[in-house]
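Chemist: Dropping a structure here in structure tokens format, bear with me for questions.
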Amino acid sequence: MNCKKVLIVDDEKGFTSMLKLNLESIGAFEVKVVNESKYALMTAKQFLPDVILLDIIMPEKEGPDVAIEIRNDPTLKNIPIVFLTATITRDEVQSQNGWIGGNIFVAKPSSLKELLASIESSIAVK
Amino acid sequence: MLKEEKMSKKIKKDYSRPLDVIVVEDNQVDARILESMLLDPPTIAKTLKIANTLSSAIKILEENEIEIAILDLNLPDSKGIDTIVEISKKFPKLTIVINTGAYEDELGLEALSLGAQDFLLKGKYNAYVLNKILRYCLERKRLEIELKQAYETLKDTQSQLIESEKMKVVGGLASGVAHEVKNPLATILYGVTYLIEQVKMDDDKYNLVLNNIKEATNRANGIITDLLDFASLNKMNRTKSNIVDVIEKSLSLVHYQISKNVIDIVKDYEVDLPLLMIDVNRIEQVFVNIFLNAIFSMEKNGKIGIRIHSSFIFDNKQALPSAAKDKFNPEQKLIIVEIDDVGKGIPENEISRIFDPFYTSRRGSGGVGLGLSVSKNIIENHGGSIVVENKADCGVIAKLIFIV
């Protein structure tokens with residue numbers, strides 16, 4: 001099976017390490033974590049992920065700013081971004097079928113199953 | 127015409143208007159004197175009723191449109207201050223002028239504080255003075271009523287303001303807390319998921335502990351989500367929708383609890399109901415909340431009745447909160463949804479608190495007390511109202527009023 005590369009950008013170290021552990025244990029993902037959002041663009045350029053899981057509220061540089069940098073970079077602009085955030089509820093996400101303003105959103109906390117479904121659908125529309 | 131001239135003309139006109147008067151006096155001579163002052167030209171009264179006891183005065187006041195009472199305090203069936211208390215309690219809009227043979231300063235002041243407008247001393251006034259006093263008293267009473275109404279409105283507005291400020295504080299706090307708490311919850315959830323999925327242990331207790339942690343995490347997330355609802359109530363996404371579809375969807379969301387508790391659902395839906403501009407998800411949330419409250423209030427084999435009908439009037443205006451009383455005028459078509467159960471009802475001393483944030487009767491079994499409070503806010507943000515009452519026999523009825 002072709003291993004998909006996932007970049008997680010989130011300042012919550014406990015959360016990112018748990019998520020990395022879960023995704024890697026499935027055996028279908030190669031995962032890299034960035035806890036300081038200012039390094040997100042640089043890491044993405046080196047790692048060239050298939051999908052980026054991006055937190056919204058982070059110190060220094062917020063998720064939407066990171067998303068703009070990625071969209072403006074010719075080598076990264078087509079990489080799907082899944083916003084992973086505690087600022088919205090699962091109901092709000094589900095009422096929009098997971099898509100808000102052309103981006104996929106996953107509310108924290110969501111089950112691993114829901115997150116995997118979002119990762120797969122974002123890669124599918126790439 | 128100048129404003130002042132207009133005003134003086136209006137006062138003049140009012141000043142000569144014949145009055146509807148009752149004289150409450152057991153002394154026939156005194157009554158006769160007042161009668162001639164009021165009826166002899168220039169006539170002061172167009173209606174004059176005379177009563178010689180308090181009980182007969184009350185009967186006359188109940189049956190006639192009387193605006194002013196000239197009241198002797200010592201009657202065969204009532205003495206002194208009690209006479210004013212009784213009359214002003216029963217007829218708060220009536221202007222009362224005391225007519226007495228013996229003036230005492232303290233009695234006079236007390237009479238005024240209890241609702242009388244002035245104090246006449248028998249034999250010390252003539253028709254001219256009486257006329258002037260009655261007119262002034264009427265005007266003072268009118269101003270007093272206006273002032274009382276303004277005070278009531280002010281009190282209502284103040285409590286609404288306090289309520290909305292409270293909501294703002296809870297809302298602001300909720301969104302801040304929600305973000306901070308949801309991140310660690312997500313960490314716990316993925317940690318537990320990893321242990322459940324990847325670390326296989328034969329010990330049943332290990333799995334029990336993990337599943338308990340997972341369930342507790344999900345419950346904590348549910349509580350945070352309820353809190354977030356406070357913060358995001360203004361974000362409405364309204365579409366033209368059929369209320370029946372929304373209720374049916376809400377019922378399907380609580381299907382598990384309904385079948386588990388063997389609840390009978392009795393539906394009475396009016397056909398061809400007009401569509402409503404509502405945020406479907408929010409209104410679903412309200413109905414799910416009301417259904418769950420009904421289910422949890424009943425033993426097994428209970429019954430929930432759902433009646434939906436349209437109307438131009440809400441027949442139980444008294445039950446509405448004061449701010450909502452004037453909201454529904456007879457030209458507005460309403461859709462009224464009534465949901466009733468046969469549960470244990472709400473203790474009468476708690477019924478006024480059910481919409482307060484954090485009020486719950488299920489604290490021990492996981493209730494946070496935000497459901498009804500959020501529901502009320504959602505319905506009011508749609509311009510509607512919600513009333514919850516105990517039924518005469520048993521159980522509770524929730525009435526939700528939507529403006530079409």
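From first to last, the protein sequence lines are chains A and B. Numbering of the first sequence is given in this note's numbering, commencing with residue 1 and proceeding in unit increments. Numbering of the second sequence is given in this note's numbering, commencing with residue 127 and proceeding in unit increments. Where a beta carbon is used, it is the ideal one built from N, C-alpha and C, also for glycine.
Taking the beta carbon of residue 243 (chain B) as the centre, do at least 16 other beta carbons fall within 10 Å, making it buried, or is it exposed?
Modeler: buried
Chemist: Go through its chain and collect everything with a Cβ distance to residue 257 (chain B)'s Cβ below 6 Å, but skip five positions before and after it.
Modeler: The beta carbon of residue 257 (chain B) is closer than 6 Å to those of 170 in its chain, skipping five residues each way along the sequence.
Chemist: Within this structure, are the beta carbons of residue 372 (chain B) and residue 410 (chain B) separated by less than 7 Å?
Modeler: yes
Chemist: For residue 19 (chain A), which residues in chain B fall below 7 Å Cβ to Cβ?
Modeler: 316
Chemist: Helix, strand or coil for residue 177 (chain B) per DSSP?
Modeler: Three-state result, residue 177 (chain B): strand.
Chemist: What residues from chain A crowd round residue 311 (chain B), counting only those whose CB sits closer than 8 Å?
Modeler: 108, 109
Chemist: Provide the residue span of the alpha helix (DSSP H) that contains residue 105 (chain A), from first to last.
Modeler: Residue 105 (chain A): not part of any alpha helix (DSSP H); member of the beta strand (DSSP E) spanning 103–107, first to last residue.
Chemist: Please check if any C-beta of chain A sits within less than 7 Å of the C-beta of residue 277 (chain B).
Modeler: no
Chemist: Can you give the Cα-Cα distance for residue 276 (chain B) and residue 283 (chain B), rounded to whole angstroms?
Modeler: 10 Å
Chemist: Do residue 389 (chain B) and residue 428 (chain B) count as a contact pair if the criterion is CB distance below 7 Å?
Modeler: yes
Chemist: Starting from the Cα of residue 33 (chain A), find the closest Cα among A:27, A:52, A:107, A:26 and give me that residue.
Modeler: Taking residue 33 (chain A) as reference, the option from A:27, A:52, A:107, A:26 with the minimal CA-CA separation is A:52.
Chemist: Quick one: Cα of residue 399 (chain B) to Cα of residue 412 (chain B), how far?
Modeler: Approximately 20 Å, taken between the alpha carbons.
Chemist: Ends of the alpha helix (DSSP H) at residue 497 (chain B)?
Modeler: 497–507
Chemist: Hey, how far is the Cα of residue 364 (chain B) from the Cα of residue 530 (chain B)?
Modeler: 13 Å
Chemist: Tell me whether the segment 305–320 of chain B and the segment 333–353 of chain B touch, counting them as touching only if at least three CB pairs, one residue from each stretch, are closer than 8 Å.
Modeler: yes
Chemist: Can you list, in chain order, the residues of its chain with a C-beta nearer than 8 Å to that of residue 61 (chain A)? Leave out the 5 residues immediately preceding and following it.
Modeler: 37, 38, 40
Chemist: Using the three-state DSSP reduction, which class does residue 395 (chain B) fall into: helix, strand or coil?
Modeler: strand
Chemist: Would residue 347 (chain B) count as contacting chain A if we go by Cβ distances under 7 Å?
Modeler: yes
Chemist: Cβ closer than 8 Å: which chain B residues qualify as neighbours of residue 63 (chain A)?
Modeler: Per Cβ cutoff of 8 Å: no residues; residue 63 (chain A) is ~13 Å from chain B at best.
Chemist: Just to confirm, are residue 193 (chain B) and residue 146 (chain B) a CB contact at a threshold of 7 Å?
Modeler: yes
Chemist: With a cut-off of 8 Å on the beta carbons, I'd call residue 22 (chain A) and residue 84 (chain A) a contact; round off their distance for me.
Modeler: That belief does not hold up - the Cβ atoms of residue 22 (chain A) and residue 84 (chain A) are roughly 13 Å apart, past 8 Å.
Chemist: Say whether chain A places a C-beta atom closer than 7 Å to the C-beta of residue 449 (chain B).
Modeler: With a pLDDT of 48 at residue 449 (chain B), under the threshold of 50, the modelled position of that residue is not reliable, and the figure given next carries that caveat. No, its Cβ sits nowhere closer than 7 Å to a Cβ of chain A.
Chemist: Excluding five sequence neighbours on each side, which residues of the same chain lie with their C-beta closer than 7 Å to the C-beta of residue 402 (chain B)?
Modeler: Answer for residue 402 (chain B): 367, 369, 461, 528, 530, listed in chain order.
Chemist: With a cut-off of 7 Å, does the C-beta of residue 87 (chain A) fall near any C-beta of chain B?
Modeler: yes
Chemist: Using the three-state DSSP reduction, which class does residue 257 (chain B) fall into: helix, strand or coil?
Modeler: If DSSP states are grouped into helix, strand and coil, residue 257 (chain B) belongs with the helices.
Chemist: Can you list, in chain order, the stretches of the beta strand (DSSP E) that have 3 or more residues and sit fully within the segment 170–239 of chain B?
Modeler: DSSP runs (the beta strand (DSSP E)) wholly in the segment 170–239 of chain B: 171–177, 194–197, 221–226.
Chemist: Could you pull out every residue in the same chain whose Cβ sits closer than 6 Å to the Cβ of residue 391 (chain B), ignoring the five residues on either side in sequence?
Modeler: 430
Chemist: Compare the C-beta of residue 22 (chain A) against all C-beta atoms of chain B and say whether one is closer than 7 Å.
Modeler: yes
Chemist: From the DSSP output, in three-state form, read off residue 408 (chain B) for me.
Modeler: helix
Chemist: Would you check if the distance between the CB atom of residue 58 (chain A) and the CB atom of residue 316 (chain B) is smaller than 7 Å?
Modeler: For residue 58 (chain A) and residue 316 (chain B), no; Cβs fall outside 7 Å.
Chemist: What is the rounded straight-line gap between the Cα of residue 449 (chain B) and the Cα of residue 285 (chain B)?
Modeler: Note that residue 449 (chain B) has pLDDT 48, beneath the 50 cutoff, so the model's placement of it is unreliable and the number below is only indicative. Answer to the nearest angstrom: the Cα atoms are 10 Å apart.
Chemist: Can you find a CB in chain A that lies within less than 7 Å of the CB of residue 320 (chain B)?
Modeler: yes
Chemist: How do the segment 170–183 of chain B and the segment 206–216 of chain B stand: do at least 3 beta-carbon pairs fall below 8 Å, yes or no?
Modeler: Flag = yes, the segment 170–183 of chain B and the segment 206–216 of chain B touch.
Chemist: Looking at the strands, I want to know which residues DSSP matches up with residue 513 (chain B).
Modeler: B:525
Chemist: Give the DSSP-derived three-state secondary structure of residue 156 (chain B) in the structure shown.
Modeler: helix
Chemist: Comparing C-alpha positions only, which one of B:232, B:153, B:223 sits nearest to residue 202 (chain B)?
Modeler: Of the candidates B:232, B:153, B:223, the residue whose Cα lies closest to the Cα of residue 202 (chain B) is B:153.
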